[in-house]
Amino acid sequence: MRTEKSINEELEKALEHYRSNAQNLAGKSLAASNKQVRDLRRELSDAISSGAKACPKCKNPPVGMRRGDVALYGTVQSVYEIGCAVCIPVVKGNTRTSVSSVGTDAASAVKNWNVEAHSTDGKIDQV
Ligand SMILES: [Zn+2]
């Protein structure tokens, strides 16, 4: 399996090709460019979620993504998320719990996912 960095580099090139040529590409060429981007995004998700168990609720394979960086106590931390694209969050009272887990790297997000340490989005107002 390729590394996240390697896949991202190819994905950036594929996205640039798609963005630069989308208005000029026709039919099969546009579809091929679109498919290349889609396949690379899938490969990236698979690389990030490598080792993650199936969703405990629906048994579908989870998706993995790098959410970005956050500033935290004077440092910058990456945020990775492993989650189910099918299951909706569970709301109990005013707390919403996603069927997803986060970590500061892919491995820690997978570890949290595998023990079902799912993220609580925070308190929400009752309607
Ligand atoms: Zn699910």
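The numbering of the sequence shown is the numbering used here, which starts it at 488 and goes up by one.
Idealized CB from N, CA, C, for every residue including glycine.
Helix, strand or coil at residue i according to DSSP, with G and I counted as helix
{"i": "Ala558", "result": "strand"}
{"i": "Ser516", "result": "helix"}
{"i": "Glu491", "result": "helix"}
{"i": "Val615", "result": "The shown model of the chain, from 488 to 614, leaves out residue 615, and the question about it has no answer."}
{"i": "Val586", "result": "coil"}
{"i": "Asp526", "result": "helix"}
{"i": "Asp608", "result": "strand"}
Interface flag, residue i vs chain C, CB-CB below 8 angstroms
{"i": "Arg525", "result": "Note that chain C does not occur in the displayed structure, where there is just one protein chain."}
From the options, residue whose alpha carbon lies closest to that of residue i
{"i": "Arg489", "options": "Val577, Ile535, Asn508", "result": "Ile535"}
{"i": "Pro576", "options": "Asn511, Asp608, Ser507", "result": "Asp608"}
{"i": "Ser606", "options": "Glu503, Thr582, Ala558", "result": "Thr582"}
{"i": "Asp533", "options": "Ala519, Cys545, Gly514, Arg553", "result": "Arg553"}
Any non-hydrogen atom of ligand 1 within 7 angstroms of residue i CB
{"i": "Lys463", "result": "Outside the displayed span of the chain (488 to 614) sits residue 463, for which this structure offers no information."}
{"i": "Asn599", "result": "no"}
{"i": "Val577", "result": "no"}
{"i": "Asn547", "result": "yes"}
Query raised in the report: Do the region 533-551 and the region 565-581 touch if we need at least three Cβ pairs shorter than 8 angstroms?
Result: yes
Query raised in the report: Should the region 520-538 be called in touch with the region 497-505, which here means at least 3 C-beta pairs below 8 angstroms?
Result: Inter-segment contact for the region 520-538 and the region 497-505 is present: three or more beta-carbon pairs are separated by less than 8 angstroms.
Query raised in the report: Just checking, does the region 540-560 make contact with the region 575-595 on the three C-beta pairs under 8 angstroms criterion?
Result: yes
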